Amino acid sequence: MELGTIGRSVKKKQMSTGGLDVVKYVAAILVICFHCERIFQDPAINHLFKNVLCRVAVPYFLISTSYFVRRGQTQSSDYIKQYIKSLAKSYLFWSLIYLPVGFMWVQQNHSLSPMLYPIALIVGVFYTGMYYHLWYIPAMIFGIIFVQWLLEKVGYIVLFVFSGVAYGFGSLETYYAYIENEQLKKFVDQYLRLFLTTRNGLFFALVFVVVGFFLWDYQEKFIRFHKYLITLLVGLGTLLVIEGSVVYANVGIDKNFMWMLIPFTSCLFCWSLSINVDERIDVKRLRALGKYYFFIHPLCILWTATLVNSYAFFGNTWLQLTVTLITTHLLSSLVISLVQQLPYYYFDLKLMLQVNRSYLEKFI
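Its first residue numbered 169, the sequence shown is counted upward by one per residue in our numbering.
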């Protein structure tokens, strides 16, 4: 589709995004729950909660982000470049914050020679993330750039086929226990030995970015199906739980990939667009909190783990989760307040420098 054709869609009546912000806020909490210790004592229930429900969050973020990136591109041809530049700056800042923690993790889990530390740093920044949650940013950046580049050359049919095949290869990590072909198993083993994981921009993020772009470009066509979304969500959610049970029966190397995540999160996103949010709810605040929850929560999990080791009574997993959520919220709120104050400090500093310069010029 030509950019000019897409540009005409800017004039269309846009749906409310308040529901998206609420769902994204809940998804940010699910990410925290996923990264915390076991929550439910029953293994099957814990699996369904953490590896089915909580895993909806990341695909939802990918679809939502790419949807709005595509919308921004319809308003400015330079939008994607500016967005990625801004995101890269934020990513590098948080990478520096997590650099000491990531370095300690590498020391504890891998016997790397000090000569290989620069290579590990490059891999961390451009591929795996400096800490376990930051992989999402380079994966998303790659997905957006790749989809934008390929969409200019081919249509959505080719994009969906390519990204589906890529996702299929990535899912071999999840369905590793079901692979009967020994040659295929050896190939997967060799790949993982070299690239560590298939959870990356090409094999995981790509298909969700394509979905996000597609949903924006054809948003008006999906409006007519909104009355069926609840029924679809229930049906797709049931299939997702069934697939999660299949994965639980024979656990693979990891559980990042499930096929039903693609249609379920796509449908969930479309349903979110139709949610009417009470005006008393500050959705902008929820949007900001969700953002900082993502970046900050691993630090709070580490702090909570320190308390667990220090106080025996703190061993209850629900109490650990509660403390993690509270500290993440308080620290995120503090960061938001500081960021909001920065423009005022900058203005005061600039004004002070101008006054001092004017004062000095009188004596020069």
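Virtual Cβ for every residue (Gly too), placed ideally from N, Cα, C.
As the structure is a computational prediction, the values presented were derived from the model and not from experiment.
- [ ] Assign Phe515 to one of three DSSP states: helix, strand, or coil.
- [x] Indexing the sequence shown from 1 puts residue 515 at position 347. Caution applies to Phe515, whose pLDDT of 48 falls short of 50 and renders its modelled position unreliable; the model cannot decide the point.
Open item on the list: Rounded to the nearest angstrom, what separates Gln559 and Tyr247 at their Cα positions?
Closed with: Shown here, the chain extends from 169 to 532; a query on residue 559 therefore has no answer.
- [ ] Check Lys423 in the structure and name its three-state DSSP category.
- [x] Position 255 of the sequence shown, counting from 1, holds the residue named residue 423. In the structure shown, Lys423 sits in coil (DSSP, three-state: anything other than H, G, I, E or B).
Open item on the list: When you compare the region 408-418 with the region 456-464, are there three or more beta-carbon pairs, one atom per stretch, that lie closer than 8 Å?
Closed with: Short answer: they don't touch.
Task: Spatially closest choice to Ala473 from Ala195, Ile197, His203, Pro268, by CA coordinates - done: Position 305 of the sequence shown, counted from the start, is the residue given in the question as residue 473. Selected option, being the one with the closest Cα: His203.
Task: Ala345: first and last residue of the uninterrupted alpha helix (DSSP H) it sits in - done: As a first step, residue 345 is located in the sequence shown; it is residue number 177 there, counting from the start. Counting along the chain, Ala345 falls outside any alpha helix (DSSP H), and DSSP gives it neither H nor E.
Open item on the list: Please classify Val375 as buried or exposed, where buried requires at least 16 other C-beta atoms within 10 Å of its C-beta.
Closed with: Locating residue 375 in the sequence shown gives position 207, counting from the first residue. That one is buried.
Open item on the list: Tell me which residues share the same chain as Ile309 and place their Cβ nearer than 6 Å to its Cβ, disregarding the 5 neighbours each side in the sequence.
Closed with: Walking along the sequence shown from the start, residue 309 turns up at place 141. Hits under 6 Å: Ile252.
TODO: Return yes when the Cβ of Gly420 is within less than 8 Å of the Cβ of Tyr359, no when it is not.
DONE: For this step, residue 359 is matched to residue 191 along the sequence shown. For this step, residue 420 is matched to residue 252 along the sequence shown. Taking 8 Å as the Cβ cut-off, Tyr359 and Gly420 do not qualify as a contacting pair.
- [ ] Please check the pair Leu397 and Cys435, which I expect to be a contact at CB under 8 Å, by giving their CB distance rounded to whole angstroms.
- [x] By 1-based counting over the sequence shown, the position of residue 397 is 229. By 1-based counting over the sequence shown, the position of residue 435 is 267. With a Cβ gap of about 6 Å, Leu397 and Cys435 count as contacting.
TODO: Assign Arg367 to one of three DSSP states: helix, strand, or coil.
DONE: Looking up residue 367 in the sequence shown gives position 199. It is coil, neither helix nor strand.
Open item on the list: Just to confirm the assignment, what range does the alpha helix (DSSP H) spanning His394 have?
Closed with: For the purposes of this step, residue 394 is taken as residue 226 along the sequence shown, with counting starting at 1. Per DSSP, His394 lies in no alpha helix (DSSP H) segment and is marked neither H nor E.
Open item on the list: Here's the rule: buried if 16 or more other CB atoms are within 10 angstroms of the residue's CB, otherwise exposed. What is Met272?
Closed with: For this step, residue 272 is matched to residue 104 along the sequence shown. Exposed.
Open item on the list: Give me, in chain order, the residues of the same chain whose beta-carbon lies closer than 8 Å to that of Leu404; leave out the 5 immediate sequence neighbours on both sides.
Closed with: Working through the sequence shown from its first residue, we reach residue 404 at position 236. Within the same chain, Met428, Pro431, Phe432, Cys435 come within 8 Å of Leu404 by CB-CB distance, once the 5 residues on both sides are set aside.
Open item on the list: So that I know if they touch, is there some Cβ in chain C lying closer than 8 Å to that of Phe236?
Closed with: Absent here is chain C; the protein component of the structure consists of one chain.
TODO: Give the secondary structure of Gly323 by DSSP, where H, G and I count as helix, E and B as strand, and everything else as coil.
DONE: For this step, residue 323 is matched to residue 155 along the sequence shown. When DSSP states are grouped into helix, strand and coil, Gly323 belongs to the coil group.
- [ ] Let me know the alpha helix (DSSP H) ranges lying completely inside the region 226-312, each 4 residues or longer, listed in chain order.
- [x] Whole alpha helix (DSSP H) segments, 4+ residues: 247-277, 285-291.
Task: Where Tyr461 sits in the DSSP three-state scheme - done: Against the sequence shown, residue 461 aligns to sequence position 293. Tyr461 falls in the helix class under three-state DSSP.
- [ ] For my contact list, Val451 and Val190 are in at a C-beta cut-off of 8 Å; report their separation, rounded to the angstrom.
- [x] Sequence index remark: in the sequence shown, residue 451 carries index 283 (1-based). Sequence index remark: in the sequence shown, residue 190 carries index 22 (1-based). Going by Cβ atoms, the distance from Val451 to Val190 rounds to 7 Å, so yes, they are a contact pair.
Open item on the list: Please identify the residue among Phe294, Tyr295, Val274 whose C-alpha is closest to the C-alpha of Tyr285.
Closed with: Locating residue 285 in the sequence shown gives position 117, where the first residue counts as 1. Per the Cα distances, Val274.
Task: Rounded C-alpha distance that separates Leu517 from Gln509 - done: To locate residue 517, count along the sequence shown from 1; it is residue 349. To locate residue 509, count along the sequence shown from 1; it is residue 341. In this prediction, Leu517 scores a pLDDT of 45, lower than 50, which makes its location untrustworthy; no coordinate-derived value is stated.
Open item on the list: One question on the structure: do Gly338 and Tyr235 come within less than 8 Å of each other, judged by their Cβ atoms?
Closed with: Reading the sequence shown from its first residue, position 170 is the one you call residue 338. Reading the sequence shown from its first residue, position 67 is the one you call residue 235. Against a cut-off of 8 Å, the Cβ pair of Tyr235 and Gly338 comes out as no contact.
- [ ] Could you pull out every residue in the same chain whose Cβ sits closer than 8 Å to the Cβ of Arg223, ignoring the five residues on either side in sequence?
- [x] Taking the sequence shown and counting its residues from 1, the one referred to as residue 223 is at position 55. Cβ neighbours of Arg223 beyond the five flanking positions: Phe202, Lys423, Asn424, Met426, Leu429.
Open item on the list: Using the Cβ count rule (16 or more neighbours within 10 Å means buried), how would you classify Met283?
Closed with: Within the sequence shown, residue 283 is the residue found at index 115, counting from 1. By the neighbour-count rule (16 or more Cβ atoms within 10 Å), Met283 is not buried but exposed.
Task: Exposure label - Lys395; buried when at least 16 CB within 10 Å - done: Position 227 of the sequence shown holds residue 395. So Lys395 counts as exposed.
Task: Helix, strand or coil at Thr185 according to DSSP, with G and I counted as helix - done: The residue labelled residue 185 in the question sits at position 17 within the sequence shown. It is coil, neither helix nor strand.
Task: Check whether Leu470 and Ile207 have beta carbons under 8 Å apart - done: Within the sequence shown, the letter at position 302 stands for residue 470. Within the sequence shown, the letter at position 39 stands for residue 207. For Leu470 and Ile207, no; Cβs fall outside 8 Å.
Task: Supposed contact pair Leu188 and Leu221 - C-beta distance, whole angstroms, cut 8 Å - done: Here residue 221 refers to the residue found at position 53 when the sequence shown is read from its first residue. Here residue 188 refers to the residue found at position 20 when the sequence shown is read from its first residue. Between Leu188 and Leu221 the Cβ distance is about 18 Å, and since that is not below 8 Å, they are no contact.
Task: C-beta contact flag for Ile305 and Leu255 at 8 Å - done: Counting from one through the sequence shown, the residue named residue 305 turns up at place 137. Counting from one through the sequence shown, the residue named residue 255 turns up at place 87. Taking the C-beta atoms as reference points, Leu255 is found nearer than 8 Å to Ile305.
Open item on the list: Need the endpoints of the alpha helix (DSSP H) that Asn544 sits in, please.
Closed with: Residue 544 lies beyond the residue range present for the chain, which begins at 169 and ends at 532; the question has no answer from this structure.
Task: Close-in-space but distant-in-sequence residues of the same chain around Trp303 (CB under 6 Å, 5 per side omitted) - done: Counting from one through the sequence shown, the residue named residue 303 turns up at place 135. Cβ within range, chain order: Thr296, Gly297.
Task: Backbone CA spacing between Ala225 and Ile231 [nearest angstrom] - done: Position 57 of the sequence shown, counted from the first residue, corresponds to residue 225. Position 63 of the sequence shown, counted from the first residue, corresponds to residue 231. In a straight line, the C-alpha of Ala225 is about 10 Å away from that of Ile231.
Task: Sequence ranges, alpha helix (DSSP H) only - wholly within the region 410-455, length at least 4 - done: The region 410-455 contains these whole alpha helix (DSSP H) runs: 429-440.
Open item on the list: If you reduce the DSSP assignment to three classes, tell me which class Arg176 lands in.
Closed with: Here residue 176 corresponds to residue number 8 of the sequence shown, with the count starting at 1. Only weak support is given to the placement of Arg176: the predicted model assigns it a pLDDT of 40, under 50, and the question is left unresolved by the model.
Open item on the list: Does Gly186 pass the burial test, meaning 16 or more other C-beta atoms within 10 Å, or should it be called exposed?
Closed with: Mapped onto the sequence shown, residue 186 falls at position 18. Buried: at least 16 other Cβ atoms inside 10 Å.
Task: Inter-residue Cα distance where the pair is Val329 and Leu506 - done: On the sequence shown, residue 329 is found 161 positions in, with the first residue counted as 1. On the sequence shown, residue 506 is found 338 positions in, with the first residue counted as 1. If you take the alpha carbons of Val329 and Leu506, they lie about 45 Å apart.
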